[in-house]
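The opening residue of the sequence shown carries number 3 in the numbering used here; numbering runs sequentially from there.
Positions of the beta carbon are idealized from the N, C-alpha and C atoms, including for glycine.
One structure is given below, encoded as structure tokens.
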Amino acid sequence: MSFLIDGKEISLAIKNEILHDVSLLKEKGCPPPSLAVVLVGNDPASQVYVKNKKKACEFTGIESLSFELPETTSQLELLSLIHELNNREDVTGILVQLPLPKHIDSQAILLAIKPGKDVDCFHPYNVGLLSVGQATLKPCTPWGVIELLKRSNITIEGKHCVVIGRSNIVGKPVGLMLLAENATVTTCHSKTKNIKEICKQADIIIAAVGIAHFVTADMVKEGAVLIDVGMNRLENGKLCGDIDFENCKDISSAITPVPGGVGPMTIAMLMKNCLTAAEMKESRGAFFGS
Ligand code: GUN
Numbered sequence: 003m004s005f006l007i008d009g010k011e012i013s014l015a016i017k018n019e020i021l022h023d024v025s026l027l028k029e030k031g032c033p034p035p036s037l038a039v040v041l042v043g044n045d046p047a048s049q050v051y052v053k054n055k056k057k058a059c060e061f062t063g064i065e066s067l068s069f070e071l072p073e074t075t076s077q078l079e080l081l082s083l084i085h086e087l088n089n090r091e092d093v094t095g096i097l098v099q100l101p102l103p104k105h106i107d108s109q110a111i112l113l114a115i116k117p118g119k120d121v122d123c124f125h126p127y128n129v130g131l132l133s134v135g136q137a138t139l140k141p142c143t144p145w146g147v148i149e150l151l152k153r154s155n156i157t158i159e160g161k162h163c164v165v166i167g168r169s170n171i172v173g174k175p176v177g178l179m180l181l182a183e184n185a186t187v188t189t190c191h192s193k194t195k196n197i198k199e200i201c202k203q204a205d206i207i208i209a210a211v212g213i214a215h216f217v218t219a220d221m222v223k224e225g226a227v228l229i230d231v232g233m234n235r236l237e238n239g240k241l242c243g244d245i246d247f248e249n250c251k252d253i254s255s256a257i258t259p260v261p262g263g264v265g266p267m268t269i270a271m272l273m274k275n276c277l278t279a280a281e282m283k284e285s286r287g288a289f290f291g292s
């Protein structure tokens, strides 16, 4: 068995650091960070994610405000709520849980969030800052992946990292962040030819494809590091990742489990962004869009 990267333990350490920094902010007389969480509709998975985000807020001393809207909410109504939250002094971070109902244009909603309060780092302004190495708020799951590697003492610089998946939430930004750490990055996707051969050359594989057990033992080089961003539900109800954990674990040098790997890190980095957004508000002027 290779080294098991414990996302629960690492995320707990990060949340404790945030709790400490939030206390320092409060001691200075600054208002605490506060996260407005917006959930539209009744998607059960989204309800679980939102509940976990609120729990993490409680743990770290970040205030959370909850806005649970019916499935029938119109785009205009949602935009109007975002506008109100953008202008509220007591709200330092805004998160609109995705996916939104089909009749709402998600891109228009994400574009409406003030960049300085965009703790998901989904706004094109923040994505642009990330692409030129100037990010203050960073995308949570990709940042979680980087922190997992760094805090497990896995060197990124000079490594060949193969990212599987090119989504705006994970695949594209994790590639940018790995590049910023001086990795050599290859991004594979559904139209990539010879995906098995490319993965076999990887020192680090980041699987974010959304297909259960997509990465099989024959795609993994001896000693590679395997980071699994996938969260798939099997027919028997069990959760599993994009990597065939059982058959890959002994080939790799380090591997993340699902659950308990990248998942808890996403929420920890969200809390970190909430803290950063509140700090940026205190030093207003330094950040366009705050
Ligand atoms: N839905 C699934 N993952 C995420 C996320 O990281 N942020 C938001 N807002 N919605 C999501």
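Classification of D107 by the beta-carbon crowding that lies within 10 angstroms, buried from 16 upward: exposed
Return the bridge partner residues of E65 from the DSSP annotation. S36
What separation, rounded to the nearest whole angstrom, lies between the Cα atoms of I229 and T218? Rounded to whole angstroms, the separation of the alpha carbons of T218 and I229 is 13 Å.
With L87 and V42 assumed to form a contact (beta carbons below 8 Å), what rounded beta-carbon distance in angstroms separates them? Contact flag wrong, Cβ pair sits at about 14 Å.
Buried/exposed call for P117, threshold 16 Cβ in 10 Å: Only buried fits P117, as 16 or more other CB atoms lie within 10 angstroms of its CB.
From what residue to what residue does the beta strand (DSSP E) around V222 run? No beta strand (DSSP E) contains V222, which DSSP labels as neither H nor E.
Taking the straight line between their C-alpha atoms, what separation do you get for N275 and H22? 15 Å
For L236 and A270, what's the separation of their Cα atoms in angstroms? 26 Å
Report the residue from H85, V93 and G265 whose alpha carbon sits nearest the alpha carbon of M282. V93
Should T293 be listed as close to the ligand GUN, given that the test is whether its C-beta is under 7 Å from any heavy atom? The first residue shown for the chain is 3 and the last is 292, placing residue 293 beyond what the model contains.
Here's the rule I'm using: 16 or more other beta-carbon atoms within 10 Å means buried, otherwise exposed. How should T74 be labelled? Counting Cβ neighbours within 10 Å, T74 comes out exposed, since fewer than 16 surround it.
Other residues of its chain near L14: CB distance less than 6 Å, five sequence neighbours each side excluded: none
Note the first and the last residue of the continuous alpha helix (DSSP H) segment covering C201. I197 to K202
Please work out which residues of its chain come closer than 8 Å, Cβ to Cβ, to G232, disregarding the five sequence neighbours upstream and downstream, and give them in chain order. A209, A210, V211, G212, I213, A214, F216, C242, G243, D244, I245 and V260
R235 in three-state terms, based on DSSP: strand
Identify whether K274 lies in helix, strand or coil by the three-state DSSP scheme. helix
What does the Cβ neighbour count give for D120, buried or exposed, with the cut at 16 atoms within 10 Å? Note on D120: 16 or more other CB atoms within 10 angstroms of its CB, so buried under the neighbour-count rule.
Three-state secondary structure (DSSP) of T268: helix
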